[in-house]
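Chemist: Sharing a structure with you now.
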Amino acid sequence: MSYRINSFEEYKSEYQKSIDDPAEFWAGIAENFLWQKKWDTTLEWEFETPKVEWFKGGKLNITENCLDRHLEKRGNKLALIWEPNDPKERFVRLTYRELHEEVCKYANVLKKHGAKKGDRIALYMPMIPDLAIAVMACARIGAVHTVVFAGFSASALADRINDCQCKMVLTADGLYRGTKEIPVKAVVNEALKECTSVETVIVSERTQWNVKMEEGRDFWLHQEVETVDKNCPAEPMDAEDMLFILYTSGSTGKPKGVVHTCGGYMVYAGYSFANVFQYDESDIYWCTADIGWITGHTYILYGPLLNGATTLMFEGVPTYPGPGRFWQVIDKHGVNQFYTAPTAIRALMACGEDHVLSYGLYSLKVLGSVGEPINQEAWEWYHIHVGKEKSPIVDTWWQTETGGIMISGLGGLSPMNPTHAGYPLPGIQPVLLDQEGKEITENGVEGYLAIKHPWPSILRTTYGDHERCKNTYFNTYKGYYFTGDGAKRDENGMYRIIGRVDDVINVSGHRFGTAEIENAINSLDEIVSESAVVGYPHDIKGQAIYAYVITNKPVETPDKIRAEIIEAVVGEIGKIAKPEKIQFVSGLPKTRSGKIMRRILRKIAEGDTSSLGDTSTLLDPDVVDEIKEGAL
Ligand code: WT7
Numbered sequence: 001m002s003y004r005i006n007s008f009e010e011y012k013s014e015y016q017k018s019i020d021d022p023a024e025f026w027a028g029i030a031e032n033f034l035w036q037k038k039w040d041t042t043l044e045w046e047f048e049t050p051k052v053e054w055f056k057g058g059k060l061n062i063t064e065n066c067l068d069r070h071l072e073k074r075g076n077k078l079a080l081i082w083e084p085n086d087p088k089e090r091f092v093r094l095t096y097r098e099l100h101e102e103v104c105k106y107a108n109v110l111k112k113h114g115a116k117k118g119d120r121i122a123l124y125m126p127m128i129p130d131l132a133i134a135v136m137a138c139a140r141i142g143a144v145h146t147v148v149f150a151g152f153s154a155s156a157l158a159d160r161i162n163d164c165q166c167k168m169v170l171t172a173d174g175l176y177r178g179t180k181e182i183p184v185k186a187v188v189n190e191a192l193k194e195c196t197s198v199e200t201v202i203v204s205e206r207t208q209w210n211v212k213m214e215e216g217r218d219f220w221l222h223q224e225v226e227t228v229d230k231n232c233p234a235e236p237m238d239a240e241d242m243l244f245i246l247y248t249s250g251s252t253g254k255p256k257g258v259v260h261t262c263g264g265y266m267v268y269a270g271y272s273f274a275n276v277f278q279y280d281e282s283d284i285y286w287c288t289a290d291i292g293w294i295t296g297h298t299y300i301l302y303g304p305l306l307n308g309a310t311t312l313m314f315e316g317v318p319t320y321p322g323p324g325r326f327w328q329v330i331d332k333h334g335v336n337q338f339y340t341a342p343t344a345i346r347a348l349m350a351c352g353e354d355h356v357l358s359y360g361l362y363s364l365k366v367l368g369s370v371g372e373p374i375n376q377e378a379w380e381w382y383h384i385h386v387g388k389e390k391s392p393i394v395d396t397w398w399q400t401e402t403g404g405i406m407i408s409g410l411g412g413l414s415p416m417n418p419t420h421a422g423y424p425l426p427g428i429q430p431v432l433l434d435q436e437g438k439e440i441t442e443n444g445v446e447g448y449l450a451i452k453h454p455w456p457s458i459l460r461t462t463y464g465d466h467e468r469c470k471n472t473y474f475n476t477y478k479g480y481y482f483t484g485d486g487a488k489r490d491e492n493g494m495y496r497i498i499g500r501v502d503d504v505i506n507v508s509g510h511r512f513g514t515a516e517i518e519n520a521i522n523s524l525d526e527i528v529s530e531s532a533v534v535g536y537p538h539d540i541k542g543q544a545i546y547a548y549v550i551t552n553k554p555v556e557t558p559d560k561i562r563a564e565i566i567e568a569v570v571g572e573i574g575k576i577a578k579p580e581k582i583q584f585v586s587g588l589p590k591t592r593s594g595k596i597m598r599r600i601l602r603k604i605a606e607g608d609t610s611s612l613g614d615t616s617t618l619l620d621p622d623v624v625d626e627i628k629e630g631a632l
């Protein structure tokens with residue numbers, strides 16, 4: 001690809017160009033893609049409404065860019081390698097030609113059941129090739145995919161399906177993840193009791209379990225594909241037509257549907273993948289995320305396929321059947337670029353070094369990290385034991401809302417500084433703001449991280465509620481996209497992300513809003529009268545969830561009540577949101593206006609009670625002592 005940057009000097013000059021004239025810069029990058037019709041205007045924007053439009057008037061289909069245009073030169077090249085949960089099971093390989101055909105067939109199945117451009121389709125699936133195929137099949141016909149991580153509960157799935165009124169659900173019989181088995185289809189059946197918009201369910205076979213199929217609504221994929229044509233023309237999409245919705249948590253209310261559109265997302269996914277990972281034509285690339293998260297969307301599927309890369313998709317977990325699994329997979333398939341999360345590195349680090357030292361890992365060229373700040377110890381362990389001190393590490397900072405990597409080194413080109421994400425990618429204009437929202441321009445400072453100019457894959461709205469998008473991201477600091485993160489900029493201008501400054505908790509790289517968890521706990525209204533949830537540092541997960549709960553009767557069986565609270569959270573959201581610690585309290589520290597002082601609760605949860613600050617203005621200062629004494 002002619003947009004590949006090959007030196008740090010070149011990065012600097014590209015960055016300068018992208019600042020001098022962003023529209024001109026991105027128009028040049030966009031020329032590298034296949035457009036059915038060229039765009040009329042490159043960029044129109046204002047952050048007030050907000051309104052951002054990239055490549056307006058352009059027509060394209062992202063799957064033609066991911067698949068069709070590679071067929072001539074790369075038809076027999078591997079597009080996808082699938083590694084199953086159990087290493088004894090056979091892996092699967094699909095060439096670009098094969099993947100293209102599978103996508104077209106699945107797209108025809110969707111059409112056969114009445115799906116059309118603009119319809120929303122929910123995917124609740126294991127990490128199997130059918131998931132990759134299903135995502136692309138939606139994009140092929142212009143249906144909007146919304147992938148829900150298959151670890152969320154039936155109730156969380158139903159909320160998402162209802163919020164965007166999905167017409168179809170694509171799923172599977174069951175899934176294997178490490179030693180766990182999840183009855184995926186049964187979860188869908190449960191969720192659909194609450195959803196009236198869904199007309200059709202397409203089910204992939206994974207576990208061969210006996211599942212309940214509803215006549216007239218549920219169909220087996222393997223039977224359906226037998227009946228359809230293997231050609232499917234790609235639906236012409238406007239650059240600003242919706243490509244997908246992905247739900248993510250914020251400080252308030254229910255998760256919101258972040259909307260990405262076709263043209264800008266494509267350009268940024270393709271460009272950022274090639275440059276951050278420095279992908280070369282014959283490389284094998286592996287991102288360990290789940291496609292249920294944005295990392296999987298952009299850097300397992302779209303980014304790699306846009307570049308004609310070979311992307312590896314892994315069904316399992318880092319520690320199954322043992323802590324050497326990642327390294328075994330890297331050696332088995334000759335992985336060149338490896339992209340994972342700090343929480344996985346810390347979990348493996350805790351298992352000692354032997355499991356990694358027994359693998360060669362000679363193929364590795366670039367290592368990536370994503371999801372949360374990577375601490376120094378984990379960075380060094382990754383660098384020394386996995387990278388053998390020769391593979392550069394890219395610490396990639398970005399968000400569901402940004403669509404692609406924003407601040408990161410370019411593998412091997414940029415200077416590295418452990419725990420620092422580094423410099424912004426071309427086209428990205430980060431700023432640090434003070435309390436008043438004024439830009440702090442010098443280096444060696446700390447502030448709120450915001451972005452002052454749109455890039456092609458910035459979110460366009462939150463589904464069905466543009467006001468919420470405005471309030472969450474564009475209202476806090478006028479004229480900026482606000483990230484919700486705090487950051488430092490060192491003397492060399494490198495960014496170091498400190499973490500969220502809002503009520504969002506990042507557990508193992510997954511985002512939860514405190515309000516979301518509190519609502520789940522408060523739903524036990526027979527037992528709970530009020531709760532407050534905060535994050536606290538956890539050795540492996542980065543952060544874990546600490547819940548303070550006021551009960552409405554004396555707590556006689558604390559373990560039983562804790563189990564009920566956990567069950568409520570797992571039922572409403574999913575296992576990944578389980579509170580680690582639950583402390584029963586008689587009151588919460590509140591200001592006179594009734595606002596919970598989370599800062600105090602966070603300090604207590606961290607075990608740091610020496611610097612609680614002035615608590616004398618609280619409604620009931622004594623409650624702080626009680627909470628301190630009972631801290632877990
Ligand atoms: C939040 C976004 C898109 C990546 C997966 C998570 C934190 C993400 C880093 C990093 C420090 C990071 C931020 C951000 N985060 N990457 N390299 N260093 N923090 O996506 O669920 O939308 O969460 O994850 O706090 O705001 P997400």
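Position one of the sequence shown corresponds to residue 1 (the UniProt record's numbering), numbered consecutively onward. C-beta: ideal position from N, C-alpha, C; glycine also.
Got a sec? Which residues, its chain only, sit under 7 Å from residue 206 by beta carbon, not counting five neighbours each side?
Modeler: So the qualifying residues of the chain are 126, 128, 172, 173, 174 and 175.
Chemist: Assign residue 476 to one of three DSSP states: helix, strand, or coil.
Modeler: The answer is coil: DSSP assigns residue 476 none of H, G, I, E or B.
Chemist: Per DSSP, which residues does residue 422 bridge with? Please list them.
Modeler: 495.
Chemist: Rounded to a whole number of angstroms, what is the C-alpha to C-alpha distance between residue 35 and residue 271?
Modeler: In a straight line, the C-alpha of residue 35 is about 16 Å away from that of residue 271.
Chemist: Hey, how far is the Cα of residue 258 from the Cα of residue 358?
Modeler: Cα-Cα distance, rounded: 42 Å.
Chemist: What residues in its chain sit with their C-beta under 7 Å from that of residue 571, if we drop five residues either side in the sequence?
Modeler: Same-chain partners within the cutoff: 153 and 155.
Chemist: Considering residue 155, what are the terminal residues of the alpha helix (DSSP H) in which it resides?
Modeler: Here the alpha helix (DSSP H) through residue 155 covers 154-163.
Chemist: Under the three-state reduction of DSSP, which class applies to residue 337: helix, strand or coil?
Modeler: Residue 337: strand per DSSP, three-state reduction.
Chemist: Apart from the five residues just before and just after residue 14, which ones in its own chain have a Cβ nearer than 7 Å to its Cβ?
Modeler: Counting only Cβ-Cβ distances below 7 Å, and skipping sequence neighbours, we find 5 and 426.
Chemist: Just to confirm, is the Cβ distance from residue 120 to residue 29 under 8 Å?
Modeler: No; because the gap between Cβ atoms is not below 8 Å, this pair is not in contact.
Chemist: Taking the beta carbon of residue 614 as the centre, do at least 16 other beta carbons fall within 10 Å, making it buried, or is it exposed?
Modeler: Classification for residue 614: exposed.
Chemist: If we count the other Cβ atoms within 10 Å of its Cβ and call it buried at 16 or more, is residue 630 buried or exposed?
Modeler: Classification of residue 630: exposed, given that the 10 Å Cβ count is below 16.
Chemist: Looking at the ligand WT7, does it come within less than 7 Å of residue 468, judged from the CB to the closest heavy atom?
Modeler: No, Cβ of residue 468 sits at least 7 Å from all heavy atoms of the ligand WT7.
Chemist: Would the C-beta of residue 373 count as close to the ligand WT7, meaning under 7 Å from any of its heavy atoms?
Modeler: Under cutoff, so the answer is yes.
Chemist: Please classify residue 611: is it buried, with 16 or more other beta-carbons within 10 angstroms of its beta-carbon, or exposed?
Modeler: Per the 10 Å Cβ criterion, exposed.
Chemist: Can you grab the Cα-Cα spacing for the pair residue 541 / residue 275, in whole Å?
Modeler: So the alpha carbons of these two residues sit roughly 29 Å apart.
Chemist: Could you compute how far the alpha carbon of residue 97 sits from the alpha carbon of residue 287?
Modeler: About 22 Å.
Chemist: Report whether the distance from the Cβ of residue 492 to the nearest heavy atom of the ligand WT7 is below 7 Å.
Modeler: No.
Chemist: How would you call residue 655, buried or exposed, if buried means at least 16 neighbouring beta carbons within 10 angstroms?
Modeler: Examination of residue 655 is not possible in this model, given that the chain is present from 1 through 632 alone.
Chemist: Let me check understanding here. Comparing Cα to Cα, which of 331, 163 and 268 lies closest to residue 253?
Modeler: Here the closest residue by C-alpha is 163.
Chemist: Applying the criterion that 16 or more other CB atoms from any shown protein chain within 10 Å of the CB defines a buried residue, is residue 555 buried or exposed?
Modeler: Classification of residue 555: exposed, given that the 10 Å Cβ count is below 16.
Chemist: Where residue 170 and residue 151 are concerned, what is the direct C-alpha to C-alpha distance, given to the nearest angstrom?
Modeler: Taking the straight line from one Cα to the other gives about 15 Å.
Chemist: Using DSSP bridges, identify the partner residues of residue 242.
Modeler: Partner(s): 261.
Chemist: If you follow the alpha helix (DSSP H) that residue 349 is part of, which residue opens it and which one closes it?
Modeler: Start and end: 342-349.
Chemist: Does the beta carbon of residue 343 fall short of 7 Å from some heavy atom of the ligand WT7?
Modeler: Flag unset: Cβ of residue 343 not near the ligand WT7.
Chemist: What ranges does the beta strand (DSSP E) occupy inside the region 504-568, keeping only unbroken runs of at least 3 residues that lie completely in it?
Modeler: Within the region 504-568, the complete beta strand (DSSP E) runs of at least 3 residues are 504-507, 510-513, 528-538 and 542-551.
Chemist: Do residue 269 and residue 298 come within 8 Å of each other at the CB atom, strictly closer than that value?
Modeler: Yes, they are a contact pair.
Chemist: Is any non-hydrogen atom of the ligand WT7 found closer than 7 Å to the C-beta of residue 173, if you look at the structure I gave you?
Modeler: No - the ligand WT7 has no heavy atom lying nearer than 7 Å to the Cβ of residue 173.
Chemist: What is the DSSP secondary structure of residue 294, reduced to helix, strand or coil?
Modeler: Residue state, collapsed to three classes: helix.
Chemist: For the ligand WT7, is there a heavy atom less than 7 Å away from the beta-carbon of residue 108?
Modeler: The answer is no for residue 108.
Chemist: Throw me the rounded Cβ distance for the residue 544 and residue 538 pair, which I believe falls under 8 Å.
Modeler: Residue 544 to residue 538, Cβ: 4 Å. Contact.
Chemist: Use the C-beta contact count for residue 409: other C-beta atoms within 10 angstroms, 16 or more gives buried, fewer gives exposed.
Modeler: Result: buried.
Chemist: Let me confirm a value: residue 435 is counted as buried when at least 16 other C-beta atoms fall within 10 Å, else exposed. Which label applies?
Modeler: By the neighbour-count rule (16 or more Cβ atoms within 10 Å), residue 435 is not buried but exposed.
Chemist: Taking the alpha-carbon positions, what's the residue 187 to residue 558 distance?
Modeler: Approximately 30 Å between the Cα atoms of the pair.
Chemist: Spatial neighbours of residue 55 within its chain, please: C-beta separation below 7 Å, excluding the five flanking residues on both sides.
Modeler: Here the set comprises 30, 39, 42, 239, 263 and 264.
Chemist: Considering only C-alpha positions, which residue in the set 535, 402 and 590 is nearest to residue 605?
Modeler: That would be 535, whose Cα lies nearest to the Cα of residue 605.
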